[in-house]
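Colleague: Throughout, our numbering is defined as the position within the sequence shown, counted from one, plus 12. The beta carbon of each residue, even a glycine, is placed where N, CA and C say it ideally should be.
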Amino acid sequence: MDTILTLVARLGRATLALIRAAGSLALFAFEGLSHIVRPPFYGRVFLSSFMETGFFSLPVVALTALFSGGVIALQSYTGFAQYHVQSAIAGIVVLAVTRELGPVLAGLMVAGRVGAAMAAQIGTMRVTDQIDALTTLSTNPMKYLVAPRLLAGLIALPLLVLVADVLGVAGGFTVCVMKLGFSPQAYITATLNSLKAIDVTVGLVKAALFGFLIALMGCYYGYNSKGGAEGVGSATTAAVVVASILLLAFDYLLTDLFFSQ
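#1: Is it buried or exposed, S195, if we count other Cβ atoms within 10 angstroms and call 16 or more buried?
#2: Return the first residue and the last residue of the alpha helix (DSSP H) that V20 is part of.
#3: Does the region 138 to 154 come close enough to the region 174 to 191 that 3 or more CB-CB pairs lie under 8 Å?
#4: Quick one: Cα of Y199 to Cα of K208, how far?
#5: For the alpha helix (DSSP H) containing S256, list its first residue and its last residue.
#6: In the DSSP assignment, the alpha helix (DSSP H) including N205 goes from what residue to what residue?
#7: Just the C-alpha distance for F79 and L86, rounded to the nearest angstrom, thanks.
#8: Could you give the uninterrupted runs of the alpha helix (DSSP H) lying entirely in the region 133 to 212, keeping only those of 4 residues or more?
#9: If you measure from the beta carbon of L17 to each beta carbon in chain B, is any gap under 8 Å?
#10: If you drop the 5 nearest sequence neighbours on each side, which residues of the same chain put their C-beta closer than 8 Å to that of M9?
#11: Around the Cβ of V116, are there at least 16 other Cβ atoms within 10 angstroms (buried) or fewer (exposed)?
Right under this line is the structure:
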């Protein structure tokens, strides 16, 4: 009986801790969003975060999308050749890239690169009392540190995904034409026939949400870090892991919402 009660108590404590963390995160997100629409707005911080999230993440996202499109084309050819339906490869590539691989892979790359950097930067400011210094100087830390980063993630990731979509399709085109002997004109025609506005739109909606989640996790864990250098390291790890999990979970939910019918 004591063992059962101990297990129930642990489960209860874990559940309460999860609810408490979810509530704290929701309040943090709401406060950050509220500061986006209220003056003053720190444009220099926003531009710096936008460049870090968007422009400086472009090489890794571009390479990931390019090779992913090529891999999809190769794997599709391996399977479709058995049924003599190689003409469907162009549609599969554009569908997979615009709906899923573009936003998901770009989100994961940005989470590992930018989410960790945000958590480390803000966490270092927290443990070295720089955030308290901002408050002393009558500067709201949420408005100065969090709101510009949330807005930058919300805007920058959809732009990255647009580039990833183009390069992913280009990767599939290159492999099919150069390696598999497809006709360039036929491949382009099949791609355009398979391309739908809803697929691109949903991919961009996913990207905007993913960018917000990545910035939110980086800011939240950095802002609440404690315990010196070890605490900053733990916050950085948690930001990347939780952002990646939430990204995949919301990807499923949005896919089910838009494409389950």
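Modeller: Taking the geometry as given:
#1: Classification of S195: exposed, given that the 10 Å Cβ count is below 16.
#2: It spans D14 to I48 - the alpha helix (DSSP H) in which V20 sits, taken as one unbroken run.
#3: Short answer: they don't touch.
#4: C-alpha separation (whole angstroms): 16 Å.
#5: The continuous alpha helix (DSSP H) containing S256 extends over residues G240 to F271.
#6: From DSSP, the alpha helix (DSSP H) with N205 extends over P196 to S206.
#7: One Cα belongs to F79, the other to L86, and the distance between them is close to 11 Å.
#8: Positions of the alpha helix (DSSP H) runs, each at least 4 residues long and wholly inside the region 133 to 212, are given as 142 to 148, 159 to 190 and 196 to 206 in order along the chain.
#9: Reference to chain B is not applicable here, since this structure consists of a single protein chain.
#10: This structure cannot speak to residue 9, because the chain is shown only from 13 to 273.
#11: Around the CB of V116, 16 or more other CB atoms lie within 10 Å, so the residue is classed as buried.
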